[in-house]
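> What follows is a structure written as structure tokens; I'll ask about it next.
Structure, rendered in structure tokens:
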């Protein structure tokens, strides 16, 4: 049985009305209820006109009405363009037109000969219509140590914000990530994971190595251009740190008390061989050791010069000259 019975609309019972209604009307009402009340995703199936002898133009009115209704539900959906040859130029042109008109992904497929790969593509396309809930950005760990007012970190934050500003659906993520690579301070941007079920995605950002060395050089005041220079500098800084740790306590003592001692290390201590010594009728053992120590004294150094330059006016001119020079460049004194 179809929608006609004895050349008139077939009447059927429905759970929504007490009286019988035409089969076509019942099918449409049932479909709407499934879409609006039960489903979480949807597929709108239309055609390019190659499947039957019905012209493409005959589908357009119903097509537009159904797609508009689907968009009003706010639920993720895609359009399947049923056709004999999905690669035909005319079919691809219709796909392009529908995509631009409705802003929804359109997949040309031959529904009678779909493969597992086609089905997977359809499901992924629909799932990628879900809204974005969260986008995580992984950046190099050294970037985390920079303040937010740092120029590089501020520029990176602005780039991420601008690139993802228009993203609302999961399918937008890949294009937004591609846009990130247009910035000179981003070497590579990749999507490492997308969870369409939760609307979460994780993006990995790689920055040029030159930026890392530039930041190191700017913050340390040292010239670090590559890994070799970095390792060499770390070795030197490690040696300096060990030397400073030795005198650190003495320096604090000097600041607090005006006097500090750098005690010798075990390595610097020289032990002489024990010697037996006699004192009267008693004997003992003498142990002797010596080691260098550093004594620090805090002293205020004061100096004075009093050049005689001639007249009082000349002295005033010299004073004014010295004061002006000191304000502009204290090192000149």
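Numbering (my numbering), first residue to last: -2 to 330.
The beta carbon of each residue, even a glycine, is placed where N, CA and C say it ideally should be.
Nothing here was measured: the structure is a model prediction, and the numbers come from that model.
Which first and last residues belong to the beta strand (DSSP E) in which residue 131 is found?
Within the chain shown, numbered from 1, the residue matching residue 131 stands at position 134. Its beta strand (DSSP E) spans residues 131 to 135.
> Mapping DSSP to helix, strand and coil, what is residue 192?
Taking the chain shown and counting its residues from 1, the one referred to as residue 192 is at position 195. Here residue 192 sits in strand by DSSP.
> Have a look at 262, 283, 263 and 278 and flag the residue whose alpha-carbon is nearest the alpha-carbon of residue 271.
Locating residue 271 in the chain shown gives position 274, where the first residue counts as 1. Looking at the Cα atoms, 283 is the closest of the given residues.
> Would you kindly work out how many angstroms separate the C-alpha atoms of residue 119 and residue 65, rounded to a whole number?
One-based indexing of the chain shown puts residue 119 at position 122. One-based indexing of the chain shown puts residue 65 at position 68. The alpha-carbon atoms of residue 119 and residue 65 are separated by roughly 20 Å.
> My output table needs one value for residue 184: the three-state DSSP class, helix, strand or coil.
On the chain shown, position 187 is the one that residue 184 refers to. Coil.
> Does the beta-carbon of residue 135 have 16 or more other beta-carbons within 10 angstroms, so that it is buried, or is it exposed?
To locate residue 135, count along the chain shown from 1; it is residue 138. That one is exposed.
> So, for residue 53: in the same chain, excluding its five sequence neighbours on each side, which residues have a beta-carbon less than 8 Å away from its beta-carbon?
Within the chain shown, residue 53 is the residue found at index 56, counting from 1. Cβ within range, chain order: 44, 45, 46 and 91.
> Keeping to the same chain, check which residues put their C-beta closer than 6 Å to that of residue 268; ignore five residues upstream and five downstream.
Numbered from its first residue, the chain shown carries residue 268 at position 271. Same-chain partners within the cutoff: 286.
> Cβ atoms of residue 184 and residue 153: under 8 Å apart, would you say?
Taking the first residue of the chain shown as position 1, residue 153 is located at position 156. Taking the first residue of the chain shown as position 1, residue 184 is located at position 187. Against a cut-off of 8 Å, the Cβ pair of residue 184 and residue 153 comes out as no contact.
> Between the alpha carbons of residue 237 and residue 323, how many angstroms are there, rounded?
Position 240 of the chain shown holds residue 237. Position 326 of the chain shown holds residue 323. Roughly 34 Å between the two C-alpha positions.
> Mapping the DSSP letters down to three states, classify residue 141 as helix, strand or coil.
On the chain shown, residue 141 is found 144 positions in, with the first residue counted as 1. Residue 141: helix per DSSP, three-state reduction.
> Residue range of the alpha helix (DSSP H) that residue 171 falls in?
Reading the chain shown from its first residue, position 174 is the one you call residue 171. Note, residue 171: alpha helix (DSSP H), 170 to 177.
> Leaving out five residues on either side along the sequence, give the residues of the same chain with a beta carbon under 8 Å from the beta carbon of residue 209.
Position 212 of the chain shown, counted from the start, is the residue given in the question as residue 209. The answer, listed in chain order, is 137 and 139.
> Is it right to say residue 165 is buried, meaning 16 or more other beta carbons lie within 10 angstroms of its own, or is it exposed?
By 1-based counting over the chain shown, the position of residue 165 is 168. When all chains shown are included, residue 165 counts as exposed.
> State the Cα-Cα distance for the pair residue 177 and residue 169, rounded to the nearest angstrom.
For this step, residue 177 is matched to residue 180 along the chain shown. For this step, residue 169 is matched to residue 172 along the chain shown. Going by the C-alpha atoms only, they are around 13 Å apart.
> Using a Cβ-Cβ cutoff of less than 7 Å, which residues in the same chain neighbour residue 230 once the five nearest sequence positions on both sides are dropped?
Taking the chain shown and counting its residues from 1, one reaches residue 230 at position 233. Excluding residues within five positions, the ones whose Cβ falls inside 7 Å are 219 and 221.
> With H, G and I counted as helix, E and B as strand and the rest as coil, what does DSSP make of residue 85?
In the chain shown, residue 85 corresponds to position 88, counting from 1. Looking at residue 85 - three-state DSSP - the assignment turns out to be coil, as it is neither helix nor strand.
> Apply the 10 Å Cβ neighbour rule to residue 103 and answer buried if 16 or more other Cβ atoms are within range, or exposed otherwise.
Translated into the one-based positions of the chain shown, residue 103 becomes position 106. Classification for residue 103: buried.
> On the three-state DSSP scale, how would you describe residue 101?
By 1-based counting over the chain shown, the position of residue 101 is 104. It is coil, neither helix nor strand.
> Using DSSP with H/G/I as helix, E/B as strand and the rest coil, what is residue 36?
Numbered from 1 along the chain shown, position 39 holds the residue referred to as residue 36. Note: residue 36 maps to coil in three-state DSSP.
> Is it buried or exposed for residue 173, if we count other Cβ within 10 angstroms and need 16 for buried?
Along the chain shown, one-based indexing puts residue 173 at 176. So residue 173 ends up on the buried side.
> Name the one or two DSSP bridge partners that residue 292 has.
Against the chain shown, residue 292 aligns to sequence position 295. Paired residues: 258.
> Excluding the 5 residues preceding and the 5 following residue 304 in the sequence, name in chain order all residues of the same chain whose CB lies nearer than 6 Å to its CB.
As a working note, residue 304 is residue 307 in the chain shown. For residue 304, where only same-chain residues beyond five positions count, there are no Cβ hits under 6 Å.
> For residue 279, report the span of its beta strand (DSSP E) as first-last.
For the purposes of this step, residue 279 is taken as the residue at position 282 of the chain shown. Where residue 279 is concerned, the enclosing beta strand (DSSP E) stretches over 279 to 283.
> Give every residue of the same chain whose Cβ lies closer than 8 Å to the Cβ of residue 9, excluding the five residues on either side of it in the sequence, and list them in chain order.
Taking the chain shown and counting its residues from 1, the one referred to as residue 9 is at position 12. So the qualifying residues of the chain are 17, 18, 19, 20 and 23.
> So, helix, strand or coil for residue 197, using DSSP?
Your numbering for residue 197 matches position 200 in the chain shown. Reduced to three states, the DSSP call for residue 197 is strand.
> Assuming contact is defined by CB atoms lying nearer than 8 Å, are residue 247 and residue 298 in contact in what I supplied?
As a position in the chain shown, residue 247 is number 250, starting the count at 1. As a position in the chain shown, residue 298 is number 301, starting the count at 1. No; because the gap between Cβ atoms is not below 8 Å, this pair is not in contact.
> Sort 197, 261 and 60 by Cα distance to residue 131 and report the nearest one.
For the purposes of this step, residue 131 is identified with residue 134 of the chain shown, where counting begins at 1. Checking every option, the nearest Cα to that of residue 131 belongs to 197.
> Mind checking which residues open and close the alpha helix (DSSP H) that includes residue 303?
Taking the first residue of the chain shown as position 1, residue 303 is located at position 306. First-last for residue 303: undefined, no H or E at that position.
> For the alpha helix (DSSP H) containing residue 153, name the first residue and the last one.
Mapped onto the chain shown, residue 153 falls at position 156. Counting along the chain, the alpha helix (DSSP H) containing residue 153 begins and ends at 148 to 160.
> By Cβ distance, which residues of its chain are closer than 8 Å to residue 72, with the 5 residues on each side in sequence left out?
The residue you call residue 72 lines up with position 75 of the chain shown. Contacts found: 32, 36, 37, 38 and 39.
> Taking 7 Å as the cut-off, does the CB of residue 124 come closer than this to any heavy atom belonging to the ligand ZN?
By its list of ligands, the structure shown contains no ligand whatsoever, and the ligand ZN lies outside what it can speak to.
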